[in-house]
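Before any comments, here is the structure.
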Amino acid sequence: MPRKQKKYRLKFPGQSDNLEIIRDTVSRIAEKAGFDEDNINMIELAVDEACANVVKHAFQGGGNKPIDLEIIVDEKKFTIVVSDRGTGFDVNKLKRPDMKEYLSKKRVGGLGIHIIHTLMDEVQFESVPGKGTHVRMSKFIKNEKKSTVKT
Amino acid sequence: MLEIVQSQQNDIAILSLQGRLDTNTSSSLETTLVDLVEKSQKKLLLDLSALEFISSSGLRVLLMIAKRVKGMDGKMVLTSLKSNVQNVFEMAGFTMLFTILPSNEKAIEALQ
Chain A
191 MPRKQKKYRL KFPGQSDNLE IIRDTVSRIA EKAGFDEDNI NMIELAVDEA
241 CANVVKHAFQ GGGNKPIDLE IIVDEKKFTI VVSDRGTGFD VNKLKRPDMK
291 EYLSKKRVGG LGIHIIHTLM DEVQFESVPG KGTHVRMSKF IKNEKKSTVK
341 T
Chain B
3 MLEIVQSQQN DIAILSLQGR LDTNTSSSLE TTLVDLVEKS QKKLLLDLSA
53 LEFISSSGLR VLLMIAKRVK GMDGKMVLTS LKSNVQNVFE MAGFTMLFTI
103 LPSNEKAIEA LQ
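Protein chains in written order, with this note's numbering: chain A, 191 to 341; chain B, 3 to 114.
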């Protein structure tokens with residue numbers, strides 16, 4: 191029987207001291223969706239990077255604006271949408287860093303974006319300068335939950 | 003939450019990190035490491051056996067310190083990474099930049 195879609199909507203104050211609570215909450219939902227520990231760790235880190243970018247760049251260090259998380263779980267994939275109503279940016283200027291250049295020269299930024307793209311199967315950024323940003327990232331569910339047979 | 007326990011073995015500064023190295027906690031590690039580097043501490047051993055989580059903020063601090071230590075002809079060694087932390091290093095290509103060893107004993111040998 192196909193798994194019914196589940197949606198979770200969460201709202202957190204956009205401050206860096208809430209990142210741990212966000213990670214823990216998303217981890218529990220990922221665990222419930224059937225991911226193994228390695229994949230839960232990947233999802234947790236991707237969400238942390240996306241939310242840390244909101245606090246640092248969209249909210250420029252903090253404030254009272256919220257970070258909105260929508261998590262959609264169906265039989266095929268686990269999707270997280272991180273949304274903010276912060277400064278926004280021109281997505282055409284968003285580039286994944288050249289890691290060889292990053293590692294050999296000075297910091298050029300974008301390490302968090304590189305990590306999100308590496309960890310997740312699908313990543314999409316939508317942003318309007320002055321209005322806010324949505325980061326939509328998904329991980330495919332590959333029937334990872336192993337059943338335990340009691341003997 | 004990140005706990006940093008600092009000790010000294012001869013000319014090697016040993017820092018054991020326990021907890022999570024993220025946006026919130028990376029500044030305390032940066033302060034500790036910059037302080038050591040500014041006191042001309044050339045040999046650093048970071049025991050990561052109890053480090054449960056690292057994000058790009060933590061990686062940036064380690065990269066910055068590694069560059070400073072290299073610039074003063076010193077050496078920084080990381081030990082005992084948990085598999086999830088090791089995965090983040092590999093994913094970011096950071097394993098090429100750091101000496102990562104399985105134990106503090108091996109790291110002390112390498113630093114002497």
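In this text, a Cβ means the ideal position worked out from N, Cα and C, and glycines have one as well.
Exercise. So what does DSSP say about Gly302 (chain A), is it helix, strand or coil?
Worked result: In this structure, Gly302 (chain A) counts as helix in the three-state DSSP scheme.
Exercise. Leu31 (chain B) CB to nearest chain A CB: under 8 Å?
Worked result: Answer no: the Cβ-Cβ gap between Leu31 (chain B) and chain A never drops below 8 Å.
Exercise. So which of B:Leu103, B:Ser85, B:Ser28 and B:Leu99 has the shortest CA-CA distance to Val71 (chain B)?
Worked result: Selection B:Leu103, B:Ser85, B:Ser28 and B:Leu99 evaluated against Val71 (chain B) yields B:Leu99 as nearest (Cα-Cα).
Problem set entry | Interfacial residues, the stretch 6-20 of chain B to chain A, with Cβ spacing under 8 Å | Listed in sequence order: no entries.
Exercise. Does Leu61 (chain B) get closer than 8 Å to chain A when you measure Cβ to Cβ?
Worked result: Yes, Leu61 (chain B) lies at the interface with chain A (some Cβ there is under 8 Å from its Cβ).
Exercise. Does the beta-carbon of Val244 (chain A) have 16 or more other beta-carbons within 10 angstroms, so that it is buried, or is it exposed?
Worked result: That one is buried.
Exercise. Pick from A:Gly251, A:Met232 and A:Lys290: whose alpha carbon is nearest that of Asn89 (chain B)?
Worked result: It is A:Met232.
For this session: Locate the beta strand (DSSP E) running through Gln10 (chain B), then write down its first and last residues.
Result: First-last of the beta strand (DSSP E) with Gln10 (chain B): Leu4 to Gln11.
For this session: Give a yes or no on whether the C-beta atoms belonging to Met220 (chain A) and Phe268 (chain A) are separated by under 8 Å.
Result: For the sequence presented, residue 220 (chain A) should be read as Ala rather than Met. Contact: yes.
Problem set entry | Euclidean distance between Cα positions of Lys84 (chain B) and Leu53 (chain B) | For Lys84 (chain B) and Leu53 (chain B), the distance between alpha carbons rounds to 7 Å.
Exercise. Candidates B:Ser18, B:Asn86, B:Thr97 and B:Val87: which alpha carbon is nearest Leu46 (chain B)'s?
Worked result: The shortest CA-to-CA distance from Leu46 (chain B) to any of B:Ser18, B:Asn86, B:Thr97 and B:Val87 is the one to B:Ser18.
Problem set entry | Per DSSP, cross-strand counterpart(s) of Val103 (chain B) | According to the sequence shown, residue 103 (chain B) is Leu rather than Val. According to DSSP, which records beta bridges pairwise, Leu103 (chain B) is partnered with B:Thr81.
Exercise. Is the Cβ of Asp274 (chain A) closer than 8 Å to any Cβ of chain B?
Worked result: Chain B contact via Cβ: absent.
Exercise. Got a sec: which bits of the stretch 67-99 of chain B sit with their beta carbon under 8 Å from any beta carbon on chain A, in order along the chain?
Worked result: So the close ones are Ser85, Asn86, Asn89, Val90, Met93, Ala94, Gly95, Phe96, Met98 and Leu99.
Exercise. For Lys336 (chain A), does the three-state DSSP call read helix, strand or coil?
Worked result: A caution first: Lys336 (chain A) carries a pLDDT of 44, below 50, which makes its placement in the model unreliable, though a value can still be read off. Note: Lys336 (chain A) maps to coil in three-state DSSP.
Exercise. Can you name, in chain order, every residue of its own chain whose Cβ lies under 8 Å from the Cβ of Leu209 (chain A), other than the five neighbours on each side?
Worked result: For Leu209 (chain A), where only same-chain residues beyond five positions count, the Cβ hits under 8 Å are Asp238, Cys241, Ala242 and Val245.
Problem set entry | Validate contact between the stretch 245-262 of chain A and the stretch 193-209 of chain A using beta carbons, cut 8 Å, 3 pairs | Contact check between the stretch 245-262 of chain A and the stretch 193-209 of chain A: three or more CB pairs, one atom from each, fall below 8 Å, which counts as touching.
For this session: Tell me, please, whether the CB atom of Glu291 (chain A) is closer than 8 Å to any CB atom in chain B?
Result: Contacts with chain B at 8 Å (Cβ-Cβ) do not include Glu291 (chain A).
Exercise. Nearest-angstrom Cα distance between Asn12 (chain B) and Glu227 (chain A)?
Worked result: Roughly 39 Å between the two C-alpha positions.
Exercise. Distance, Cα to Cα, Leu284 (chain A) vs Gly73 (chain B)?
Worked result: So the alpha carbons of these two residues sit roughly 32 Å apart.
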